[in-house]
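Trainee: In my numbering, the protein residues as written are 10 to 211. Below is a structure I'd like to ask you about.
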């Protein structure tokens with residue numbers, strides 16, 4: 010049994026009595042239990058949008074664990090979720106998502122030049138993002154224009170529009186509110202130190 014538990018932990022395979030929690034990325038949403046249990050370890054593949062948690066009590070809340078690597082994984086996952094929700098909250102009044110805002114920023118940096126869809130995808134932090142679908146939605150909003158490449162008619166390129174640049178200016182004007190929410194929790198020196206540490210994990 011000990012060897013089996015060690016092996017399942019090594020491969021991050023959920024044990025039959027483990028509890029799995031899935032992240033709901035909507036603002037204000039909480040973790041949802043899939044298989045309720047008491048004080049059991051939970052492991053699951055992050056690629057399926059699950060997080061690894063240490064201890065679960067009878068009410069479904071997480072309790073601190075003793076494994077520093079699990080704590081690191083959990084804290085980074087939770088912090089990423091918090092930042093994503095914060096970004097959504099500030100972009101919601103403008104009618105775009107964080108990923109759409111990122112694409113506009115990428116295209117604005119190259120303006121007046123354009124980028125291929127493949128180049129946009131490579132510039133995104135999440136390489137699994139459906140860049141084509143995101144660009145199609147931005148095109149429907151009039152925030153960018155999409156057109157065939159002069160060199161390969163099968164390939165499309167994208168360029169930010171004046172409307173897109175105006176919206177991006179509005180995003181930047183609201184940036185202090187976003188940064189202020191982070192500054193309420195971390196000092197400038199703490200942010201610099203955290204950035205240096207996280208850069209080493211890339």
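Glycine included, C-beta positions come from ideal geometry on N, C-alpha and C. Please read these numbers as outputs of a predicted model, since none were measured by experiment.
(1) Identify which residue in 153, 78, 109 and 152 has its Cα closest to the Cα of residue 93.
(2) Can at least three beta-carbon pairs, one atom from the segment 116-130 and one from the segment 169-181, be found at a separation below 8 Å?
(3) Using only alpha-carbon positions, find the residue among 81, 188 and 91 that is nearest to residue 200.
(4) For the beta strand (DSSP E) containing residue 169, list its first residue and its last residue.
(5) Taking 8 Å as the limit between beta carbons, can you name the residues of its chain near residue 84, skipping five residues before and five after?
(6) Compute the minimum distance between the beta carbon of residue 190 and the heavy atoms of the ligand PLP, and state whether it is under 8 Å.
(7) Looking at C-alpha atoms only, which residue of 192, 148, 195 and 184 is the closest neighbour of residue 100?
(8) For residue 134, does the count of other Cβ atoms within 10 angstroms reach 16, so buried, or fall short, so exposed?
(9) Could you tell me the distance, in whole angstroms, from the CA atom of residue 124 to the CA atom of residue 160?
(10) For residue 144 and residue 153, I'd like the C-alpha separation in whole angstroms.
(11) For my contact list, residue 112 and residue 129 are in at a C-beta cut-off of 8 Å; report their separation, rounded to the angstrom.
(12) Can you say whether residue 191 is buried or exposed, counting buried as having 16 or more other CB atoms within 10 angstroms of its CB?
(13) Measure the C-alpha to C-alpha separation of residue 271 and residue 205 and round it to an integer number of angstroms.
(14) CA-CA distance, residue 156 and residue 82?
(15) Please confirm if residue 187 has its CB atom under 9 Å from at least one CB of chain D.
(16) Does DSSP classify residue 154 as helix, strand or coil?
(17) Going by alpha carbons, who is nearest to residue 107 out of 138, 203 and 193?
(18) Relative to the C-alpha of residue 150, which residue among 131, 126 and 103 is closest?
(19) Quick check: the Cα distance between residue 167 and residue 96, rounded to an integer number of angstroms?
(20) Any idea if residue 177 is buried or exposed, counting beta-carbon neighbours within 10 angstroms, 16 or more meaning buried?
Mentor: Based on what the coordinates show:
(1) With distances taken between Cα atoms, residue 93 lies closest to 109.
(2) Touching, yes, given that three or more Cβ pairs across the two stretches are closer than 8 Å.
(3) Of 81, 188 and 91, the residue nearest in Cα terms is 188.
(4) Residue 169 -> beta strand (DSSP E) spans 165-169.
(5) If we look at residue 84 and ignore the five residues flanking it on each side, it has no Cβ neighbours.
(6) Inclusion of the ligand PLP in the displayed structure is not the case, the ligand content being empty and no account of it being possible.
(7) That would be 184, whose Cα lies nearest to the Cα of residue 100.
(8) Residue 134 sits exposed, since fewer than 16 C-beta atoms from the chains shown fall within 10 Å of its C-beta.
(9) Rounded to the nearest angstrom, the gap between the Cα atoms of residue 124 and residue 160 is 13 Å.
(10) Approximately 8 Å, taken between the alpha carbons.
(11) So it is a contact: roughly 6 Å between Cβ atoms.
(12) Exposed, since its Cβ has fewer than 16 Cβ neighbours within 10 Å.
(13) The chain is shown only over 10 to 211; residue 271 falls outside these bounds and no answer can be derived.
(14) Here the C-alpha atom of residue 156 lies approximately 41 Å from the C-alpha atom of residue 82.
(15) Although the question refers to chain D, the structure presented lacks it and comprises just one protein chain.
(16) Strand.
(17) When only C-alpha atoms are compared, the closest one is 138.
(18) Checking every option, the nearest Cα to that of residue 150 belongs to 103.
(19) So the two alpha carbons sit approximately 24 Å from each other.
(20) Around the C-beta of residue 177, 16 or more other C-beta atoms lie within 10 Å, and the residue is accordingly described as buried.
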